[in-house]
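Going down the list, the protein sequences come from chains B and C. FYI, this note's numbering numbers position 94 of the first sequence as 84, with every residue one higher than the one before it. FYI, this note's numbering numbers position 46 of the second sequence as 36, with every residue one higher than the one before it. Structure, as structure tokens:
Number of protein chains: 2
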Amino acid sequence: MICVGKTGERFYSDAAAEYAKRLGGYCKFELREVSEARLGASPSAAEITAALADEYRRMKIPPRAYVVAMCVEGEELSSEQFAARIARLTVDGVGQIVFVVGGSYGLAEELKRAAQLRLSMGRMTFPHALARVMTAEQIYRALSINAGAKYHK
Amino acid sequence: MICVGKTGERFYSDAAAEYAKRLGGYCKFELREVSEARLGASPSAAEITAALADEYRRMKIPPRAYVVAMCVEGEELSSEQFAARIARLTVDGVGQIVFVVGGSYGLAEELKRAAQLRLSMGRMTFPHALARVMTAEQIYRALSINAGAKYHK
């Protein structure tokens, strides 16, 4: 999972760390943070585009990874559908999945186009520190569902 | 905001408490907890229905309040649309809004029918302790948007 920006409040970093720990039981999970590109108080569209492109470049996403871009305009899946999608990837031999959670300006268009899946967690906007907790929880939930574990009920 | 069940992990109760505190700047906010009705490991549908009805009864929702039932099958609004909805209620003279977040079996059908708004935060299932943080954050975001504050950016 690659996240842009600071972890935010302590409770959010603690929550994300907890899911990262639990995910270790199911996969080799790594949370990588990329610093948010600096922007003034009222950046222009061009400045935002350049900042997002710079963040994308610095993510250094492995070329063969399956990329899931978390974005509000993406596909909405239920937790069960999301779990099934992950299970199918594993069957198809995908060895590495990268989930990308953007910063306050979202993700570069180029990244969203390149991603194999654009995934939406609904139409509401959440602070990115909370969005990363939600994403980590859904990954954990998906792997629990696929493992037939009790957690998800 | 009325929630069913325990607050869950410390980081979730801390997060909910933080939004409760911030909401105090915009409204008289109260978080009330109702204990989850006890059920066995594999309850029947009738047992679940009875448990949810019991939880609903114990919520003691004020009769004149505007009730928002948080449920996956509800209406999906963007944060801005949700804020506009809240603003309109205020104009219409609604003095009290009750948000209800259910426990692991959700909410009583009777409650959902009686609610003025069924609100969905997307198709994914989140643990109820996280759902209450998400709900509190969205209420705070809505009131910030309506106040023209910087938070929501």
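We treat Cβ as the ideally placed atom computed from N, Cα and C, and that holds for glycine.
**Study point:** Sequence-distant residues of its chain with Cβ nearer than 6 Å to Ala77/C (five each side left out)
**Key:** Here residue 77/C refers to the residue found at position 87 of the second sequence. Excluding sequence neighbours, Ala77/C sits near Asn136.
Review point. Cα separation between Arg28/C and Gly96/C?
Key: Reading the second sequence from its first residue, position 38 is the one you call residue 28/C. Reading the second sequence from its first residue, position 106 is the one you call residue 96/C. Taking the straight line from one Cα to the other gives about 14 Å.
Check your understanding: Taking any Cβ of chain C, which residues in the stretch 18 to 49 of chain B have a Cβ under 9 Å from it, in chain order?
Key -> none
Check your understanding: How about Glu26/C and Gly93/C: are their beta carbons less than 8 Å apart?
Key -> To locate residue 26/C, count along the second sequence from 1; it is residue 36. To locate residue 93/C, count along the second sequence from 1; it is residue 103. Cβ atoms of Glu26/C and Gly93/C: closer than 8 Å.
Exercise for review: Would you mind stating whether Ile87/B and Val62/B have Cβ atoms separated by less than 8 Å?
Suggested key: Counting from 1 along the first sequence, the entry for residue 87/B is found at position 97. Counting from 1 along the first sequence, the entry for residue 62/B is found at position 72. Cβ atoms of Ile87/B and Val62/B: not closer than 8 Å.
Check your understanding: Should Arg113/B be flagged as near chain C, meaning a C-beta pair shorter than 8 Å?
Key -> Looking up residue 113/B in the first sequence gives position 123. Yes, contact with chain C.
Exercise for review: Look up Tyr56/C in the DSSP assignment and give the residues it is bridged to.
Suggested key: For the purposes of this step, residue 56/C is taken as residue 66 along the second sequence, with counting starting at 1. Partner(s): Ile87/C.
Review point. How long is the line joining the alpha carbons of Tyr56/C and Ala55/B, rounded to whole angstroms?
Key: The residue given as residue 56/C occupies position 66 in the second sequence. The residue given as residue 55/B occupies position 65 in the first sequence. So the two alpha carbons sit approximately 48 Å from each other.
Review point. Do you know how far the Cα of Cys17/C is from the Cα of Gly138/B?
Key: The residue labelled residue 138/B in the question sits at position 148 within the first sequence. The residue labelled residue 17/C in the question sits at position 27 within the second sequence. Distance between the alpha carbons of Gly138/B and Cys17/C is about 44 Å.
Exercise for review: Taking all protein chains shown into account, decide if Ala104/C is buried (16 or more other Cβ within 10 angstroms of its Cβ) or exposed.
Suggested key: In the second sequence, counting from the first residue as 1, residue 104/C sits at position 114. That one is exposed.
**Study point:** Minimum C-alpha distance to Ile(-8)/B - residue among Leu67/B, Ala132/B, Ile51/B and Ser3/B
**Key:** Along the first sequence, one-based indexing puts residue -8/B at 2. Nearest C-alpha to Ile(-8)/B: Ile51/B.
Check your understanding: Can you list, in chain order, the residues of the stretch 81 to 96 of chain B whose Cβ is nearer than 8 Å to any Cβ on chain C?
Key -> Ser94
Check your understanding: Measuring CA to CA, which of Arg131/B, Thr115/B and Lys102/B is closest to Glu45/B?
Key -> Taking the first residue of the first sequence as 1, we reach residue 45/B at position 55. Of Arg131/B, Thr115/B and Lys102/B, the residue nearest in Cα terms is Lys102/B.
Practice item. Kindly give me the distance between the Cβ atoms of Leu133/B and Leu13/B, rounded to whole angstroms, as I take these residues to be in contact under 8 Å. Key: Walking along the first sequence from the start, residue 133/B turns up at place 143. Walking along the first sequence from the start, residue 13/B turns up at place 23. That pair is a contact at about 7 Å.
Practice item. Out of Glu70/B, Arg131/B and Leu107/B, point me to the one whose CA is closest to Val91/B's CA. Key: As a first step, residue 91/B is located in the first sequence; it is residue number 101 there, counting from the start. Among Glu70/B, Arg131/B and Leu107/B, the Cα nearest to that of Val91/B is on Leu107/B.
Point to revise | Ser110/B: first and last residue of the uninterrupted alpha helix (DSSP H) it sits in | key: Reading the first sequence from its first residue, position 120 is the one you call residue 110/B. Here Ser110/B belongs to no alpha helix (DSSP H); instead the beta strand (DSSP E) covers Leu107 to Ser110.
Practice item. Leaving aside the five residues before and after Met49/C along the sequence, list all residues of the same chain whose C-beta is less than 6 Å from its C-beta, in chain order. Key: Here residue 49/C refers to the residue found at position 59 of the second sequence. Taken in chain order, the residues that qualify are Ile(-8) and Val24.
Point to revise | Leu21/C to Gly15/C span [Cα, whole Å] | key: The residue you call residue 21/C lines up with position 31 of the second sequence. The residue you call residue 15/C lines up with position 25 of the second sequence. Rounded to whole angstroms, Leu21/C to Gly15/C spans 15 Å at the Cα level.
Review point. Ile135/C by DSSP, collapsed to three states: which one?
Key: Sequence index remark: in the second sequence, residue 135/C carries index 145 (1-based). Helix at Ile135/C.
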